[in-house]
Amino acid sequence: MPLVILSGWPCSGKTRFAEWLKLNLESVFEDIVFINDESLGVSKQTGYSDPASEKKSRAAFLAAVERQVSADRLVIADGLNDIKGFRYQLYCLARACSTPHACVHVITSEADCRSRNDLCSRYSDRVIADMILRYEEPNGQNRWDSPLY
Numbered sequence: 000m001p002l003v004i005l006s007g008w009p010c011s012g013k014t015r016f017a018e019w020l021k022l023n024l025e026s027v028f029e030d031i032v033f034i035n036d037e038s039l040g041v042s043k044q045t046g047y048s049d050p051a052s053e054k055k056s057r058a059a060f061l062a063a064v065e066r067q068v069s070a071d072r073l074v075i076a077d078g079l080n081d082i083k084g085f086r087y088q089l090y091c092l093a094r095a096c097s098t099p100h101a102c103v104h105v106i107t108s109e110a111d112c113r114s115r116n117d118l119c120s121r122y123s124d125r126v127i128a129d130m131i132l133r134y135e136e137p138n139g140q141n142r143w144d145s146p147l148y
C-alpha cells in the first residue's frame with residue numbers, strides 16, 4: 000500500500016505505530032518515506048494553536064505527501080488527519096498517482112491521550128481539547144477511508 004494514512008486523536012500513539020509499521024515493512028518495500036510534523040519542522044506548540052497556523056501546518060503536510068507519493072514508494076502519512084475532508088485530499092493524491100491507499104485509525108481513550116500529553120507537554124490543554132472535539136472519526140463506508148484498519 001503505497002499510502003498509509005494514520006488517523007487518531009493527538010497523543011494517541013500514531014507515531015509509535017507508524018515507526019513499528021515502518022520497521023516491519025522494510026523487508027517488503029525498499030523505499031519507505033515517513034512524514035509527520037517533526038519531519039516538516041512543524042511545532043506542536045504553535046502549529047495548531049490558531050486557525051491560520053493550523054492551515055499552514057496542514058498545507059505543509061499535504062505538500063510533503065504530494066511530493067512523495069508514487070507507485071513504487073510506501074508513504075506513511077503520520078499526521079492528525081482528523082478532518083474527513085483532509086483525508087479525502089490525501090485519498091485524491093493517491094488516486095491521481097494510481098496507487099492504493101489504506102487508512103489506519105489509532106484508537107485510544109481521551110484520558111490516555113491527555114495523560115500522555117501531560118507527560119510531554121506537546122499541546123496546550125485548550126488545543127488538545129479543541130482537537131479532540133473537532134475530530135471526525137474515519138468511516139470504512141467512505142471510499143477515502145476504505146480500507147480502514
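The sequence shown: position 120 = 119 (numbering that gives the first Met the number 0), numbered continuously.
Beta carbons are placed, not taken as given, at the ideal position from N, Cα and C, and that holds for glycine.
If you check the beta carbons only, do Cys150 and Asn116 fall under 8 angstroms apart?
-> Residue numbering for the chain in the displayed model covers 0 to 148; residue 150 lies beyond these limits and cannot be assessed.
Closest by CA to Ile75, which one among Thr45, Leu22 and Tyr122?
-> Ranking Thr45, Leu22 and Tyr122 by CA distance to the CA of Ile75 puts Leu22 first.
Have a look at Val64 and Leu89 and give me their C-alpha separation to the nearest angstrom.
-> Between the C-alpha atoms of Val64 and Leu89 there is a straight-line separation of about 8 angstroms.
Determine the burial state of Ile106: buried for a count of at least 16 other Cβ atoms within 10 Å of its Cβ, exposed for fewer.
-> Burial call: exposed.
Return the Cβ separation of Asp77 and Leu5 in integer angstroms, given the expectation that the two are a contact with Cβ distance under 8 angstroms.
-> At roughly 5 angstroms, the Cβ-Cβ gap stays under 8 angstroms, so Asp77 and Leu5 are in contact.
Who are the near neighbours of Asp30 in its chain, counting only those whose CB is closer than 8 angstroms to its CB and skipping five residues on each side?
-> Short of 8 angstroms from the beta carbon of Asp30, and not among the five residues preceding or following it, lie these beta carbons of its own chain, in chain order: Asp71, Arg72 and Leu73.
Residue from Ser123, Gln140, Val27 and Ser56 with nearest C-alpha to Pro1 | By alpha-carbon distance to Pro1, the top candidate from Ser123, Gln140, Val27 and Ser56 is Val27.
Does the Cβ of Leu118 have 16 or more other Cβ atoms within 10 Å, making it buried, or fewer, making it exposed?
-> It counts as exposed.
If Glu109 sits next to Ile131, beta carbons under 8 angstroms apart, how far is it from one beta carbon to the other, in whole angstroms?
-> About 6 angstroms separates the beta carbons of Glu109 and Ile131, which is inside the 8 angstroms limit, making them a contact pair.
Run of the alpha helix (DSSP H) containing Val41, from where it starts to where it stops = Membership of Val41 in any alpha helix (DSSP H) is not indicated, and neither H nor E is assigned to it by DSSP.
Are the Cβ atoms of Val103 and Gln67 separated by less than 8 angstroms?
-> No, Cβ-Cβ distance for Val103 and Gln67 is not below 8 angstroms.
Tell me whether the beta-carbon of Gly46 lies closer than 8 angstroms to the beta-carbon of Ser38.
-> Between Gly46 and Ser38, the CB-CB gap reaches or exceeds 8 angstroms.
Just how far apart, CA to CA, sit Glu18 and His100?
-> Cα to Cα, Glu18 sits roughly 18 angstroms from His100.
Would you kindly check if the distance between the Cβ of Pro137 and the Cβ of Arg86 is under 8 angstroms?
-> Cβ atoms of Arg86 and Pro137: closer than 8 angstroms.
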